[in-house]
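Okay, so here's the structure we're looking at.
Residue numbers (full-length UniProt numbering): 1 to 316.
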């Protein structure tokens with residue numbers, strides 16, 4: 001296990017280094033001048049040049065990359081060009097909304113998918129199986145933003161149960177905050193749960209055909225006991241893999257959903273920073289999302305060995 005963790009940790013570090021190079025290089029070749037956008041179209045060339053020098057935009061790319069990486073290691077993300085505020089404060093403020101939203105959406109995704117997938121597998125080729133597969137097919141076809149609009153029309157406009165947008169802040173209470181995130185989380189979860197339910201069904205059906213399942217049934221173990229006590233754990237490897245990838249997609253998907261519900265999260269910060277050419281904010285936010293994806297994948301790899309003891313370091 002120690003060798004397994006060491007190998008995965010080295011891979012994680014190498015991936016983060018490669019990601020930082022790609023993120024920095026891609027943002028460097030984007031057209032536009034942050035100093036020009038901040039000063040406005042009528043600013044004189046001298047004023048734009050002076051601001052670019054003040055922001056350090058005229059320094060060589062290699063120097064700026066090194067300063068950015070060393071700053072990340074020190075926890076110093078620099079100052080926002082547009083807001084003149086430490087980027088770290090902006091990011092932490094927005095993460096306080098985006099991370100709970102993604103976790104809430106992942107919770108709904110997992111619950112809906114596992115229940116639906118196991119239910120369909122237990123009723124293979126019966127009416128329940130056909131119904132669940134039909135619903136998941138519809139769920140996969142629905143775009144997140146369109147389903148979000150439907151939820152607003154139904155629960156906010158017609159029924160008046162929820163606010164159509166905005167976030168009151170956690171200072172108003174945890175329940176109020178979770179209430180404001182409920183509809184956005186559901187809109188994110190509907191597509192992901194449909195995909196995960198189909199994966200869960202396929203994985204459970206494959207395990208149900210194994211010899212040890214027939215042996216357990218022959219020994220008198222009930223169908224329910226066999227399903228939950230023996231089948232589910234052995235079927236979790238592909239399910240956990242997809243869950244790790246889906247959590248990464250949920251973090252990225254918040255950009256669109258936060259715009260629909262007008263939530264002041266990390267997604268809206270990235271969108272606004274791109275419009276303002278505030279590249280230092282965009283760079284750090286994208287790197288943060290990439291780091292979250294890499295770390296989630298690392299956790300998934302570790303869970304492999306926890307779920308299935310047969311997984312060895314040489315197998316990964």
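We put the beta carbon where it would ideally sit given N, CA and C, even for glycine.
When you compare the CB positions of residue i and residue j, do they come within less than 8 Å of one another, or not?
i: residue 227; j: residue 118; result: yes
i: residue 197; j: residue 105; result: no
i: residue 19; j: residue 290; result: yes
i: residue 297; j: residue 244; result: yes
i: residue 101; j: residue 265; result: yes
i: residue 128; j: residue 193; result: no
i: residue 183; j: residue 155; result: yes
Do you know whose CA, among the options, lies nearest residue i's CA?
i: residue 195; options: 180, 155 and 141; result: 141
i: residue 236; options: 263, 200, 254 and 246; result: 200
i: residue 215; options: 202, 203 and 231; result: 231
i: residue 234; options: 53, 205 and 83; result: 205
i: residue 83; options: 262, 273, 212 and 17; result: 273
i: residue 282; options: 268, 292, 189 and 293; result: 268
i: residue 288; options: 6, 16, 155 and 3; result: 16
i: residue 349; options: 174, 135, 26 and 130; result: Residue 349 lies beyond the range of the chain shown here (1 to 316); nothing can be said about it.
i: residue 285; options: 175, 85, 7 and 92; result: 92
i: residue 114; options: 188, 271, 89 and 238; result: 238
i: residue 180; options: 138, 163 and 193; result: 163
i: residue 319; options: 303, 49, 280 and 302; result: Residue 319 lies beyond the stretch modelled for the chain, which goes from 1 to 316, so this question has no answer here.
i: residue 188; options: 50, 270, 28 and 258; result: 258
i: residue 108; options: 49, 68, 247 and 203; result: 247
i: residue 59; options: 158, 183, 203 and 28; result: 28
i: residue 242; options: 202, 210 and 271; result: 202
i: residue 122; options: 209, 75, 64 and 14; result: 209
Report, in whole angstroms, the separation of the C-beta atoms of residue i and residue j, which I expect to be a contact under 8 Å.
i: residue 240; j: residue 300; result: 6 Å
i: residue 166; j: residue 262; result: 6 Å
i: residue 145; j: residue 260; result: 5 Å
i: residue 132; j: residue 120; result: 4 Å
i: residue 12; j: residue 302; result: With 8 Å as the limit, residue 12 and residue 302 do not qualify as a contact, their Cβ atoms being about 11 Å apart.
i: residue 24; j: residue 68; result: 7 Å
Hey, does residue i have any beta-carbon neighbour from chain C nearer than 8 Å?
i: residue 154; result: Included in the structure is just one protein chain, with no chain C present.
Quiz item: How about the region 167-182 and the region 95-110: do they share at least three Cβ pairs that are nearer than 8 Å?
Solution: yes
Quiz item: Do the region 243-254 and the region 75-82 meet, that is, are 3 or more Cβ pairs less than 8 Å apart?
Solution: no
Self-check item: Segments assigned alpha helix (DSSP H), at least 4 residues, entirely inside the region 83-165
Solution: 87-122, 127-141 and 144-151
Quiz prompt | Segments of 3+ residues assigned as beta strand (DSSP E) that fall wholly inside the region 218-285 | solution = none
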